[in-house]
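Engineer: Please find one structure pasted underneath; my questions will follow.
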């Protein structure tokens, strides 16, 4: 499964256009998340891009955006502060509510993690919150320009160098930091919390993870990032975070958010995902699947083809039917597997299997394997029982398809 990124934008807290990327899975979207980047970083920083892409590969759609005055977003960074970052986050949530659905997962890296913790209580739909190398207090960011603080305090503004770039920091930025008590917000979070932190993080010390953990109520978890650096510049570290985060979040977001009426529990619903030309979301009760076509036919190859599903039905039905027979007769067959090869061939090329048929036919060749071995004398009986599987009978007898056309909602 491969993800795709869609360029979007929305209005930030100050009314500026904020640039964003929506990383979408190739298959059905299980849930949506927001990723908040680190201080003076952008949505394109390695950690944000790699983690978002890896989460999308797990079926989670992720919105990552540039805060006001950063990256490709409009506005002046000098006019921003921690409060405006939190407000930008809530604007992003509103955008998702209107265009997609509210995020059920909130992820923040470094100061973006602190912003996520401050904003989480105002996102009732969010069920899971994760921080990566986050400070326990917003004032921690002052350490990045400690030598310039006196000038900022006395002159009201100073140009500071951060990660090789110059930013204007105003006194209102410092004053705003003092107004936020992140640990109080954490204690009333009432959401599942996962804390990622590297013990040797030089930018934000490991003691911050301890303070966040102590302030939080259960359910809460901590994952050590071992020798990872603060920005997760090693690809393996970012992918590890995404893998653990996706597995952990599954406990709280479930397998999908498609509402289905109980009366439709036995109905298979197939609908376009909007991704690629042919990709379809297949919903069967609580189960979500993906159907698609190969790339050679214009698809994304993100799931089985319709005819693959037909072969799956025959193979699964055959194996289940044989299992029932073996259990009833006390046969020790071991594990049963069925390989199905489907081809469309001319009837004349299917000697002995298409009598009275003309033109092209669909031919399913079924190979049954049993790991426990099989007495050759039972071969014909096993083939006979396989032919009694309901899907086999349906394929051979033919079916009636009744079509209704209704207005969509």
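Numbering (this note's numbering), first residue to last: 1 to 409.
Using N, Cα and C, we set each Cβ at its ideal position, and we do this for glycine too.
Fair warning: this is a prediction, and the values are worked out from it, not measured in the lab.
(1) Is residue 53 near residue 30, with beta carbons less than 7 angstroms apart?
(2) Spell out the partners DSSP gives residue 167 in its beta bridges.
(3) Per DSSP, what are the beta-bridge partners of residue 61 in this structure?
(4) DSSP has residue 9 in a bridge; who is on the other side?
(5) Excluding the five sequence neighbours on either side, which residues of its own chain have a C-beta within less than 7 angstroms of the C-beta of residue 75, listed in chain order?
(6) Relative to the C-alpha of residue 127, which residue among 32, 360, 225 is closest?
(7) Report, in whole angstroms, the separation of the C-beta atoms of residue 93 and residue 130, which I expect to be a contact under 8 angstroms.
(8) Quick one, are the C-beta atoms of residue 177 and residue 198 less than 7 angstroms apart?
(9) Are any of the Cβ atoms in chain D nearer than 7 angstroms to that of residue 230?
(10) Can you tell me whether residue 190 is helix, strand or coil according to DSSP?
(11) For residue 73, count neighbouring C-beta atoms within 10 Å of its own C-beta (all shown protein chains included) and say buried if the count is 16 or more, exposed if not.
(12) Would the segment 214 to 222 and the segment 190 to 205 be scored as touching if the rule is three or more Cβ pairs under 8 angstroms?
(13) Does residue 365 pass the burial test, meaning 16 or more other C-beta atoms within 10 Å, or should it be called exposed?
(14) If the criterion is Cβ atoms closer than 7 angstroms, does the pair residue 208 and residue 135 meet it?
(15) In terms of alpha-carbon separation, which member of 99, 188, 206 lies closest to residue 140?
(16) Go to residue 237, then tell me how far its alpha helix (DSSP H) extends in each direction, as first and last residue.
(17) Touching or not, the segment 297 to 311 and the segment 32 to 49, by the rule of three or more beta carbon pairs under 8 angstroms?
(18) CA-CA distance, residue 101 and residue 49?
(19) Go ahead and label residue 159 buried or exposed: buried means 16 or more other beta carbons lie within 10 angstroms of its beta carbon, across all protein chains shown.
(20) Buried or exposed, going by whether 16 or more other CB atoms sit within 10 Å of the CB of residue 57?
(21) At which residues does the beta strand (DSSP E) containing residue 224 begin and terminate?
(22) Less than 6 angstroms between C-beta atoms, sequence neighbours within five positions excluded: which residues of the same chain meet that for residue 357?
Structural biologist: A quick look at the data gives this:
(1) Residue numbering aside, residue 53 sits at position 53 when the chain shown is read from its first letter. Residue numbering aside, residue 30 sits at position 30 when the chain shown is read from its first letter. No; because the gap between Cβ atoms is not below 7 angstroms, this pair is not in contact.
(2) Your numbering for residue 167 matches position 167 in the chain shown. According to DSSP, residue 167 bridges with 160.
(3) Locating residue 61 in the chain shown gives position 61, counting from the first residue. Looking at the DSSP assignment, residue 61 forms a beta bridge with 32.
(4) Along the chain shown, one-based indexing puts residue 9 at 9. BP columns for residue 9 point to 19.
(5) Here residue 75 refers to the residue found at position 75 when the chain shown is read from its first residue. Taken in chain order, the residues that qualify are 12, 14, 16, 68, 69.
(6) By one-based count along the chain shown, residue 127 stands at place 127. When only C-alpha atoms are compared, the closest one is 32.
(7) Here residue 93 refers to the residue found at position 93 of the chain shown. Here residue 130 refers to the residue found at position 130 of the chain shown. With 8 angstroms as the limit, residue 93 and residue 130 do not qualify as a contact, their Cβ atoms being about 16 angstroms apart.
(8) Within the chain shown, residue 177 is the residue found at index 177, counting from 1. Within the chain shown, residue 198 is the residue found at index 198, counting from 1. Contact flag unset, no.
(9) Chain labels in this structure do not include chain D; a single protein chain is all it has.
(10) Stepping through the chain shown from its first residue, residue 190 is reached at position 190. Reduced to three states, the DSSP call for residue 190 is coil.
(11) Counting from 1 along the chain shown, the entry for residue 73 is found at position 73. Answer is buried; the Cβ neighbour count reaches 16.
(12) yes
(13) As a working note, residue 365 is residue 365 in the chain shown. By the 10 Å Cβ count, residue 365 comes out exposed.
(14) By 1-based counting over the chain shown, the position of residue 208 is 208. By 1-based counting over the chain shown, the position of residue 135 is 135. Yes.
(15) As a first step, residue 140 is located in the chain shown; it is residue number 140 there, counting from the start. Measuring from the Cα of residue 140, the nearest candidate turns out to be 206.
(16) Taking the chain shown and counting its residues from 1, the one referred to as residue 237 is at position 237. Counting along the chain, the alpha helix (DSSP H) containing residue 237 begins and ends at 235 to 253.
(17) Contact fails: fewer than three Cβ-Cβ distances are below 8 angstroms.
(18) As a position in the chain shown, residue 101 is number 101, starting the count at 1. As a position in the chain shown, residue 49 is number 49, starting the count at 1. One C-alpha to the other measures close to 21 angstroms.
(19) Position 159 of the chain shown holds residue 159. When all chains shown are included, residue 159 counts as exposed.
(20) Start at 1 with the first residue of the chain shown, and residue 57 comes out as number 57. Buried, because 16 or more other Cβ atoms sit within 10 Å of the Cβ of residue 57.
(21) Here residue 224 refers to the residue found at position 224 of the chain shown. Judged by DSSP secondary structure, residue 224 falls within the beta strand (DSSP E) whose first and last residues are 220 to 224.
(22) Position 357 of the chain shown holds residue 357. Cβ neighbours of residue 357 within its own chain (closer than 6 angstroms, five residues either side excluded): 347.
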